[in-house]
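These notes are about the structure you will find just below.
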Amino acid sequence: MGEAIRIWVDDRESRSSGIAEKLQKMETLSVVVKRLRTGDYLIEGKVVLERKRVRDFLESLKEGRLFAQASRLAAQPMRAFLILEGPVQEWRAAGVTREGIQGAMTMLSVAFGIPVLRSQSEEESLKLLLMTARQLQAPAKPPVRKPVHRLRGKRAWQIQILAGIPKVGPIRAQRMLDRFGTIEAIVTATPEDLAEVDGIGPRTAQHIHWAVHESQEPYRA
């Protein structure tokens with residue numbers, strides 16, 4: 734028998750789902766419950782998984798917290814994934830349009846580099862987590878790592894995240910970082926504050942703010 738796969742589970746996630754308990758019963762795993770700085774699960778110290786129920790995802794999106802959370806997840810050095818859990822019926826019950834869902838997922842994948850894995854249930858989320866863990870352990874299929882640009886420092890990674898937002902690009906990304914200091918500060922800034930950055934202007938500022946702070950209306954049927 735090979736070495737046990739190491740998985741750390743955030744203590745808050747452990748209390749809100751039955752996944753941690755099921756993981757702890759598996760002999761092939763070494764599971765530790767503790768407070769994690771980012772994400773809900775850390776696998777082999779290489780991959781971070783954040784699990785969000787549909788309701789939590791929508792509340793974060795409508796309140797403008799989703800992309801601030803995504804920026805923190807993307808800024809840490811490990812590969813990050815988001816498990817979005819819930820049946821189609823929950824999306825429909827919340828009155829969410831297909832375009833709204835696709836827009837948020839595209840933003841997470843393109844601008845923040847966080848792939849979104851869809852899950853219908855807690856049981857399916859568990860299977861996705863185990864599949865990820867086994868992929869990391871398989872010698873013939875080494876884990877996909879973030880590009881070597883992270884070796885150039887955290888600022889280079891921050892610039893790449895911001896540059897992925899339409900109408901921003903690397904030059905404006907650098908200027909915004911010079912002005913605000915962090916991605917979180919940029920995401921939570923007002924359009925007026927963004928417009929003060931050299932080369933941004935009111936129209937681009939409104940576009941950036943719109944991209945990360947969708948109003949509630951587009952997500953209603």
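Counting from 734, one number per residue, gives the positions in the sequence shown under our numbering.
Note that beta-carbon positions come from the ideal geometry of N, C-alpha and C, so glycine has one too.
Neighbourhood of His882 by C-beta, 7 Å cutoff - its chain only, sequence neighbours within 5 removed: Because His882 carries a pLDDT of 40, less than 50, the predicted location of this residue cannot be relied on, and the following value inherits that uncertainty. Excluding sequence neighbours, His882 sits near Ala889, Trp890, Gln893.
Is Val821 helix, strand or coil when you go by DSSP? helix
Secondary structure of Arg953, DSSP reduced to three states: Because the pLDDT of Arg953 is 45, which lies under 50, any placement of that residue in the model is unreliable, and the number read from its coordinates should be weighed accordingly. Arg953: coil per DSSP, three-state reduction.
Rounded separation between Pro903 and Ile834 - CA only: 27 Å
List the DSSP bridge partners of Leu762. Ile738
Under the assumption that Arg788 contacts Leu817 (Cβ atoms under 8 Å), give the Cβ distance between them as a whole number of angstroms. Contact doesn't hold; Cβ gap of about 11 Å is too wide.
Can you tell me the Cα-Cα spacing of Ala813 and Leu775, whole angstroms? 9 Å
Excluding the 5 residues preceding and the 5 following Glu746 in the sequence, name in chain order all residues of the same chain whose CB lies nearer than 6 Å to its CB. Asp773
Among residues of its own chain, excluding the 5 on either side of Phe913, which ones have a beta-carbon nearer than 7 Å to its beta-carbon? Ile919, Ala922
Those runs of the alpha helix (DSSP H) which lie wholly inside the region 884-936 and span at least 4 residues: 887-896, 902-913, 916-920, 924-928
For Lys853 and Pro820, which I take to be in contact (beta-carbon distance under 8 Å), what is that distance rounded to the nearest angstrom? What sits at residue 853 in the sequence shown is Gln, not Lys. That belief holds up - the Cβ atoms of Gln853 and Pro820 are roughly 5 Å apart, short of 8 Å.
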